[in-house]
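> Residue numbers (the working numbering): 454 to 749. Provided herewith is a single structure, encoded as structure tokens, for subsequent inquiry.
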Amino acid sequence: MQKPRIGFVGMGLMGVPMSLRLHEAGYSVSVWNRSPEKCMPLQGVGVQVCEHLQDLIRGSDIIMTCVTDTHAVRAIVEGEGGLIEQGRDSQVLIDFSSIEPDATRSMAAELLEKTGMRWIDAPVSGGVAGAEQGTLAIMAGGDGELLDTLRPVLAPLSQRVTHMGPVGAGQVTKICNQMLVSCNVLVMAEVMALAEKAGVDAAQIPQALKGGFADSIPLQLTGTRMAERDFDAVKWHVKTLLKDLDMANALAKGSSSAIPMAGLGAELMRLHASLGNADRDPCTLVEMYADKGPAK
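Here it is as structure tokens:
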């Protein structure tokens with residue numbers, strides 16, 4: 454059976470390695486990005502770089518998106534040359550972006566009504582390393598039977614795909630994920646600064662805690678970088694965590710839920726972003742608490 458043609462929109466930190474893995478798994482992959490220069494890493498390896506979004510849509514069976522925010526997804530769906538204009542009922546949209554659940558439900562309903570296209574919201578966790586290694590955790594919302602047909606396509610990208618419920622459920626789950634990640638990395642910054650000031654070699658904390666109850670993937674990936682002030686490699690962005698914490702607070706307000714830890718986390722993240730750190734890696738959060746040393 455011929456494999457479906459994949460069109461991938463969004464060549465950021467995650468989109469490039471995800472597209473490469475799909476290509477290496479034998480899929481025909483086309484890519485498009487609003488800023489064409491971000492497609493450069495994929496030129497010359499067999500991935501087709503499209504000049505226009507409508508060209509990608511017309512030549513694809515499955516459209517995948519991994520873009521910055523709700524506004525960016527809306528532009529792909531509702532904008533000129535986008536899915537509502539060019540989509541057809543034989544196609545499926547898989548959105549890996551982390552966006553607002555209500556907006557996801559609204560756009561999915563509009564897309565289905567006007568084109569017949571169905572929507573799977575499939576935000577991911579695992580960062581750039583997970584995208585490169587194909588070990589992402591995917592939390593999916595949408596029709597369960599449709600998702601089952603798409604599992605072979607998602608297999609090169611993920612270690613696990615969990616169906617969380619109808620459209621929008623994946624986005625709610627991702628918000629919960631980001632609450633845990635963000636609060637974890639914020640307290641990690643406090644821990645590293647406290648250890649340093651108390652005379653402990655903070656760079657050894659990730660190894661010392663490995664396998665214990667305080668261990669986490671963010672601690673292993675980020676803790677040593679915090680201790681060594683190794684800020685150059687941007688594996689994720691402060692602005693992304695802030696966006697997700699703001700969505701968590703909006704979701705909590707709409708559902709009458711109290712989330713005081715995430716609320717405080719959002720304001721601390723906002724403070725750090727406002728000091729010129731929005732596009733930097735969250736390992737820079739240690740600068741809020743520690744005596745600044747030379748960055749590597």
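Even for Gly, the Cβ is constructed at its ideal location relative to N, Cα and C.
Threshold first: 4 residues or longer. Then list the alpha helix (DSSP H) segments lying entirely within the segment 620 to 651, N to C.
Counting only runs of 4 or more, we get 622 to 650.
> In the DSSP output, what is D548 paired with across the bridge?
Reading the sequence shown from its first residue, position 95 is the one you call residue 548. Looking at the DSSP assignment, D548 forms a beta bridge with T518, D574.
> Applying the 10 Å Cβ sphere with the 16-neighbour rule, what's the burial state of D548?
Within the sequence shown, numbered from 1, the residue matching residue 548 stands at position 95. Buried, because 16 or more other Cβ atoms sit within 10 Å of the Cβ of D548.
> Which residue from L495, R527, L536 puts its Cα closest to that of D508?
Position 55 of the sequence shown, counting from 1, holds the residue named residue 508. Per the Cα distances, L536.
> Please state if the CB of A593 and the CB of T557 are separated by a distance shorter than 9 Å.
Within the sequence shown, residue 557 is the residue found at index 104, counting from 1. Within the sequence shown, residue 593 is the residue found at index 140, counting from 1. Not in contact: T557 and A593 (Cβ atoms no closer than 9 Å).
> Excluding the 5 residues flanking P489 on each side, which residues of the same chain have their C-beta closer than 8 Å to its C-beta?
To locate residue 489, count along the sequence shown from 1; it is residue 36. Cβ within range, chain order: V502, E504.
> Put G460 into one of helix, strand or coil per three-state DSSP.
Position 7 of the sequence shown, counted from the start, is the residue given in the question as residue 460. In this structure, G460 counts as strand in the three-state DSSP scheme.
> Could you check how far apart the C-beta atoms of R458 and S472 are, in whole angstroms? I think they sit under 8 Å.
In the sequence shown, residue 458 corresponds to position 5, counting from 1. In the sequence shown, residue 472 corresponds to position 19, counting from 1. Actually they do not touch by this definition, with Cβ atoms about 13 Å apart.
> Check whether the Cβ atoms of D514 and V545 lie closer than 9 Å to each other.
Walking along the sequence shown from the start, residue 514 turns up at place 61. Walking along the sequence shown from the start, residue 545 turns up at place 92. Yes. Within cutoff.
> Going by other Cβ atoms of all chains shown within 10 Å of its Cβ, with 16 needed for buried, is R678 buried or exposed?
By 1-based counting over the sequence shown, the position of residue 678 is 225. Buried, by the Cβ-count rule.
> I want to know whether the segment 590 to 607 touches the segment 663 to 675 - three or more CB-CB distances under 8 Å.
Cβ pair count under 8 Å is below three, so no.
> What span of residues does the beta strand (DSSP E) with V614 cover, start to end?
By one-based count along the sequence shown, residue 614 stands at place 161. That run of the beta strand (DSSP E) goes 611 to 618.
> Taking buried to mean at least 16 other C-beta atoms within 10 Å of its own C-beta, is D697 buried or exposed?
For the purposes of this step, residue 697 is taken as residue 244 along the sequence shown, with counting starting at 1. Counting Cβ neighbours within 10 Å, D697 comes out buried, since at least 16 surround it.
> Per DSSP, which one or two residues make a beta bridge with S483?
Within the sequence shown, the letter at position 30 stands for residue 483. Paired residue(s): G460, Q501.
> Could you check how far apart the C-beta atoms of A719 and Q631 are, in whole angstroms? I think they sit under 8 Å.
On the sequence shown, residue 719 is found 266 positions in, with the first residue counted as 1. On the sequence shown, residue 631 is found 178 positions in, with the first residue counted as 1. Contact doesn't hold; Cβ gap of about 11 Å is too wide.
> Among residues of its own chain, excluding the 5 on either side of T626, which ones have a beta-carbon nearer than 7 Å to its beta-carbon?
Mapped onto the sequence shown, residue 626 falls at position 173. Closer than 7 Å at Cβ, skipping near neighbours: M592, M617.
> Let me know the secondary structure DSSP gives M714 once reduced to three states.
Numbered from its first residue, the sequence shown carries residue 714 at position 261. M714 falls in the helix class under three-state DSSP.
> If you reduce the DSSP assignment to three classes, tell me which class A667 lands in.
One-based indexing of the sequence shown puts residue 667 at position 214. Reduced to three states, the DSSP call for A667 is coil.
> Report buried or exposed for S708, applying the criterion of at least 16 other Cβ atoms within 10 angstroms of its Cβ.
Reading the sequence shown from its first residue, position 255 is the one you call residue 708. Exposed, by the Cβ-count rule.
> Report the three-state DSSP secondary structure of M467 (helix, strand or coil).
Here residue 467 refers to the residue found at position 14 when the sequence shown is read from its first residue. M467 falls in the coil class under three-state DSSP.
> Which term fits H524, buried or exposed, when burial requires 16 or more other beta carbons within 10 angstroms of its beta carbon?
As a working note, residue 524 is residue 71 in the sequence shown. Exposed, because fewer than 16 other Cβ atoms sit within 10 Å of the Cβ of H524.
> Pick from S550, G465, L475: whose alpha carbon is nearest that of L607?
For the purposes of this step, residue 607 is taken as residue 154 along the sequence shown, with counting starting at 1. Residue L475 is the option with its Cα nearest to L607.
> CA-CA distance, P747 and L674?
Counting from one through the sequence shown, the residue named residue 747 turns up at place 294. Counting from one through the sequence shown, the residue named residue 674 turns up at place 221. Only weak support is given to the placement of P747: the predicted model assigns it a pLDDT of 46, under 50, and the question is left unresolved by the model.
> Does DSSP put A686 in a helix, a strand or coil?
Within the sequence shown, numbered from 1, the residue matching residue 686 stands at position 233. In the structure shown, A686 sits in coil (DSSP, three-state: anything other than H, G, I, E or B).
> As a quick exercise: from E538, Q586, D555, pick the residue whose alpha carbon is nearest that of K567.
In the sequence shown, counting from the first residue as 1, residue 567 sits at position 114. Nearest option by C-alpha distance: E538.
> Does DSSP classify A584 as helix, strand or coil?
Taking the first residue of the sequence shown as position 1, residue 584 is located at position 131. Of the three classes helix, strand and coil, the one that applies to A584 here is helix, per DSSP.
> Evaluate G498 with the Cβ neighbour count: other Cβ atoms within 10 Å of its Cβ, from every protein chain shown; 16 or more gives buried, anything less gives exposed.
Here the question's residue 498 lines up with position 45 in the sequence shown. With the sequence shown as reference, residue 498 is identified as Val, and Gly is not the correct amino acid for it. Result: exposed.
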